[in-house]
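Q: My structure is below; once you've seen it, I'll send some questions.
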Amino acid sequence: MAQKIAIVGFGVCGRVAALLLAQHYDIEVFERGDEHGHSSAGHVAAAMLAPMAESVLCEQDLAEDGLAALALWPKLLALLDEPVQFQQAGSIIVAYPQDQGAMAHFRKQLKPLAGFAGQDIDGAQLQTLEPELAGRFGKGLYLPCEGQLDNQGFYQHSYLSLKRRGVCFTFNADVDVDALAAQDYQAVIDCRGIGAKTAHTPLRGVRGEVARVHAPEVRLSRPVRLMHPRYPIYIAPKPEHRYVIGATEIESQDTRAITVRSTLELLSAAYSVHSGFAEATVESLRAGLRPAYNDNRPHIEQRGKVISINGLYRHGYMLAPIVVKRALAQFNTAV
């Protein structure tokens, strides 16, 4: 009889942990939300895998971990019963003339990653990579190693695939991880994210805001970032002409819905990149809180049978495979 593992929290890290462990253990998942995960930061996110762009603000080792995690995502997605979009075709940074100084500063801060480097591209090269951007921007910056995945497809098919494999789920439940540890589980994997925040836990929420739109008149093939006076804005293409338009981060723990100001900034920025967004249908406007510690680094902590994985900050999809794999290796070398 296989040993039992409890996973508390079914966001990005919880799903990655369940996929890795379900091959070797009986898994029970406890989640305070529902099976759709709509309240999870990982469901709101754009799921860009951007170690080079993120190297501007994170340490070298985290950027290198992000690059290594890119190679793990196809293996994880291969464990699903249905295909989920995964792309590694690089990303593009563009800026209007008044923001070229900000882009030059961004360019200087990029860290080298395993032989990859940012590439300045002219109008002709931009035309080749993204023909529909060439008329508005005369140059840009290409980051060759970057990628993205369809996070909502990942949420849907990870749940369905794990359910078919016999993983036991308990939704809409707040559970005590210490009480679970007192039961007959070999380990309790705590992946609650911001849900683990208490008065004694130094977690904070970092707000992310996104619009999801259906834009049949837009044909972008890779993530695009636009330098912006307040914060960089990204446009991430998803299947069937859907796009996620978002702001990289806002230092706020505000849990309100997205504001009018943010909505106007996101949608006007998207329209300035491509006029086809004018006729797009807005499918959702959402905000979420990503968990972060004061050092903005992921933390793996073990206390008895409880292994906590938290603080992935704005790097949830970029780092989850390698951070979770590292945490699980503390008791299971098979993953």
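Residue 1 is where the sequence shown starts when you use UniProt numbering, and the numbers rise one by one after that.
Backbone N, C-alpha and C define an ideal beta-carbon position, used for all residues, glycine too.
1) May I ask you to report which of helix, strand or coil DSSP gives Cys13?
2) Please go through the region 150-190 and give each complete alpha helix (DSSP H) segment of 4 or more residues, from N-terminal end onward.
3) Taking the alpha carbon of Pro229 as the reference point, which residue from Glu217, Val210, Val188 and Ala269 has its own alpha carbon closest?
4) Between Pro321 and the rest of its own chain, which residues show a CB-CB distance below 7 Å, the 5 nearest in sequence each way excluded?
5) Mapping the DSSP letters down to three states, classify Asp120 as helix, strand or coil.
6) Anyone know if the C-beta pair for Val224 and Ile92 falls short of 7 Å?
7) Leaving out the 5 sequence neighbours to the left and right, which residues in its chain are closer than 6 Å to Phe154 when beta-carbon positions are compared?
8) Mind checking whether Ala181 and Lys4 have CB atoms under 7 Å apart?
9) Which same chain residues end up closer than 8 Å to Ile300 when comparing Cβ atoms and leaving out the 5 residues on each side of it in sequence?
10) Cutting at 8 Å between CB atoms, please list the residues of its own chain near Glu240, excluding the five before and the five after it.
11) Residues in the same chain with beta-carbon distance under 7 Å from Gln80, minus the five sequence neighbours each way, listed in chain order, please.
12) Tell me whether the beta-carbon of Ala236 lies closer than 7 Å to the beta-carbon of Asn151.
13) Using 8 Å as the threshold, is the region 17-25 in touch with the region 261-279, meaning 3 or more CB pairs across them?
14) Using the rule of at least 16 other Cβ atoms within 10 Å of the residue's Cβ for burial, across every protein chain shown, is residue 400 buried or exposed?
15) By Cβ distance below 7 Å, which residues in the same chain neighbour Gly138 in space, the five residues on each side in sequence not counted?
16) Helix, strand or coil for Lys305, going by three-state DSSP, please let me know.
17) What does a CB cutoff of less than 6 Å around Asp26 pick up in its chain, not counting 5 residues either side in sequence?
18) What is the residue span of the alpha helix (DSSP H) that Val56 lies within?
19) Around the C-beta of Glu28, are 16 or more other C-beta atoms found within 10 angstroms, so that it is buried, or is it exposed?
20) With contact counted as at least three CB pairs below 8 Å, one residue from each stretch, are the region 54-61 and the region 191-207 in contact?
21) Quick check: the Cα distance between Glu265 and Gln183, rounded to an integer number of angstroms?
22) Leaving out five residues on either side along the sequence, give the residues of the same chain with a beta carbon under 6 Å from the beta carbon of Leu203.
23) Tell me where the beta strand (DSSP E) around Lys4 begins and ends.
24) For Cys13, count the other beta carbons within 10 Å of its own beta carbon; 16 or more makes it buried, fewer makes it exposed. Which is it?
A: Per the coordinate set shown:
1) Locating residue 13 in the sequence shown gives position 13, where the first residue counts as 1. In the structure shown, Cys13 sits in a helix (DSSP, three-state: H, G or I).
2) 151-164 and 177-181
3) For the purposes of this step, residue 229 is identified with residue 229 of the sequence shown, where counting begins at 1. When only C-alpha atoms are compared, the closest one is Ala269.
4) On the sequence shown, residue 321 is found 321 positions in, with the first residue counted as 1. Hits under 7 Å: Val16, Ala69, Leu72, Trp73 and Leu76.
5) Here residue 120 refers to the residue found at position 120 of the sequence shown. DSSP places Asp120 in strand when its eight states are reduced to three.
6) Within the sequence shown, numbered from 1, the residue matching residue 224 stands at position 224. Within the sequence shown, numbered from 1, the residue matching residue 92 stands at position 92. Taking 7 Å as the Cβ cut-off, Val224 and Ile92 qualify as a contacting pair.
7) On the sequence shown, residue 154 is found 154 positions in, with the first residue counted as 1. Excluding sequence neighbours, Phe154 sits near Val84.
8) Numbered from 1 along the sequence shown, position 181 holds the residue referred to as residue 181. Numbered from 1 along the sequence shown, position 4 holds the residue referred to as residue 4. The answer is no: Cβ separation not under 7 Å.
9) By 1-based counting over the sequence shown, the position of residue 300 is 300. Answer for Ile300: Ile307, Ser308, Ile309, Val323, Arg326, Ala327 and Gln330, listed in chain order.
10) One-based indexing of the sequence shown puts residue 240 at position 240. Result list for Glu240: His214, in chain order.
11) Here the question's residue 80 lines up with position 80 in the sequence shown. Note that residue 80 is Leu in the sequence shown, not Gln. If we look at Leu80 and ignore the five residues flanking it on each side, its Cβ neighbours are His157, Ser158 and Ser161.
12) Against the sequence shown, residue 236 aligns to sequence position 236. Against the sequence shown, residue 151 aligns to sequence position 151. No, these two residues do not count as a Cβ contact at 7 Å.
13) no
14) Residue 400 cannot be examined here, being either before or after the span of the chain that is shown, 1 to 335.
15) Here residue 138 is taken as the residue at index 138 of the sequence shown, counted from 1. Closer than 7 Å at Cβ, skipping near neighbours: Gly123.
16) Position 305 of the sequence shown, counted from the start, is the residue given in the question as residue 305. Here Lys305 sits in coil by DSSP.
17) For the purposes of this step, residue 26 is taken as the residue at position 26 of the sequence shown. The residues are Ala2 and Lys4.
18) Reading the sequence shown from its first residue, position 56 is the one you call residue 56. Per DSSP, Val56 belongs to no alpha helix (DSSP H) and is neither H nor E.
19) As a first step, residue 28 is located in the sequence shown; it is residue number 28 there, counting from the start. Flag for Glu28 reads buried.
20) Inter-segment contact for the region 54-61 and the region 191-207 is absent: fewer than three beta-carbon pairs are separated by less than 8 Å.
21) On the sequence shown, residue 265 is found 265 positions in, with the first residue counted as 1. On the sequence shown, residue 183 is found 183 positions in, with the first residue counted as 1. Cα-Cα distance, rounded: 50 Å.
22) As a first step, residue 203 is located in the sequence shown; it is residue number 203 there, counting from the start. Correct list, in chain order: Lys197 and Pro291.
23) The count along the sequence shown starts at 1 and reaches residue 4 at position 4. Residues Lys4 to Val8.
24) Here residue 13 corresponds to residue number 13 of the sequence shown, with the count starting at 1. Its Cβ being crowded by 16 or more others within 10 Å, Cys13 is buried.
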